[in-house]
Amino acid sequence: MVKVFPALKKSLLPIFVITTSILIGGTVSAVPVAAAPADTMQFGMVDVGKVLNDSKSRSAVASELQRTERSYTAILQRLAQGSARFLTDPEITELGTLYEKDKPTEAEQKRISQLEAKGDQQKREMTTLQNTPKPDDAQTARFTLLNDTYEKGGASLQQFNRALSTKLQEKARDAEQKALVTVRTAVAKVAKAKGLSVVFTGDIAIYATVDITDDVLKEVNK
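Mind the numbering: the sequence shown is residues 54 to 275 in our numbering, read in order.
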């Protein structure tokens, strides 16, 4: 299962400082707001994890990532259950990439059929050679070549598996970063409206008396 928004560590580090910057998840962005006098600084806090998990966009993002994960799993199963191991590394990558397309064109579907037919043909050929009682030199050489292709094909399938896994992780990270940017912007807007100088992240902030979590969530959900 894809972990869409991993829990953020509780912290007393400010995520919003009007005089200097916003800090969320280690990212710093300058905020051009005039500095507040030290004796008038107001502090607030926000539960970033709650905002992320309760935002309207979270379920949509989670559903999309889960759909992608199911799609990738189906692609890998289709490759493994077919004759893809009898194809070359570039051909396996090409076939897997074509399988990713929801609506392949006529030309793409034709190419899929060609690659599948090639794999099936070479699989049948290898089976025939395996059952040949006394293969000649040419048949032995051909069997060796097909067996080598089969072994390398297994490694290629594993490599394609890793590529899809990396792609899925990148999609999850991109979704999380996009969500954090949205929260960061909302925190800045709410904090400015409430006249807060510093906003801390975490469930407990020693000097924070104003919890703006609900207001930030409302802003994010607009």
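Virtual Cβ for every residue (Gly too), placed ideally from N, Cα, C.
Same chain, Cβ closer than 8 Å to residue i, five either side skipped, listed in chain order
i: A60; result: Because A60 carries a pLDDT of 35, less than 50, the predicted location of this residue cannot be relied on, and no value is offered for it.
i: L154; result: With the sequence shown as reference, residue 154 is identified as Lys, and Leu is not the correct amino acid for it. So the qualifying residues of the chain are E161.
i: T266; result: M98, V99, D100, K103 and V104
i: Q192; result: L182 and T185
i: M179; result: F139, F196, L199, N200 and Y203
i: K247; result: Q95, G97, V263, I265 and D268
Expected contact under 8 Å - CB spacing of residue i and residue j to nearest Å
i: L210; j: G172; result: At roughly 12 Å, the Cβ-Cβ gap does not stay under 8 Å, so L210 and G172 are not in contact.
i: A137; j: G206; result: 7 Å
i: Q134; j: V263; result: About 58 Å; that fails the 8 Å criterion.
i: A228; j: L118; result: 7 Å
i: L199; j: Q175; result: 6 Å
i: D142; j: L270; result: D142 to L270, Cβ: 48 Å. No contact.
i: V252; j: V240; result: 6 Å
i: L132; j: L217; result: Not really, about 10 Å apart at Cβ, beyond 8 Å.
Residue span of the alpha helix (DSSP H) that contains residue i, given as start and end
i: F253; result: Element bounds for F253: not the alpha helix (DSSP H) but the beta strand (DSSP E), V251 to T254.
i: K271; result: T266 to V273
i: N214; result: D190 to A246
Chain-order list of residues whose beta-carbon lies under 7 Å from that of residue i (same chain, five-residue window excluded)
i: R195; result: L182
i: L151; result: P157, E161, R164 and I165
i: K109; result: N274
i: T146; result: F213
i: T121; result: L221 and K224
i: E276; result: Because the chain here runs from 54 to 275, residue 276 falls outside it and cannot be looked at.
i: E272; result: A239, K242 and V243
i: T235; result: V273
Same chain, Cβ closer than 6 Å to residue i, five either side skipped, listed in chain order
i: A232; result: L105
i: L249; result: Q95 and G97
i: D268; result: V243
i: P85; result: With a pLDDT of 31 at P85, under the threshold of 50, the modelled position of that residue is not reliable, and no figure is offered here.
Any non-hydrogen atom of the ligand NAD closer than 7 Å to residue i Cβ
i: V104; result: The ligand NAD is absent from the structure shown, which contains no ligand whatsoever.
Quick check on the DSSP output: what are the complete alpha helix (DSSP H) runs of length 4 or more inside the segment 84-135, in order along the chain?
101-107 and 109-134
Enumerated in chain order, which unbroken segments of the alpha helix (DSSP H) with a length of 4 residues or greater are wholly contained in the segment 129-179?
142-153
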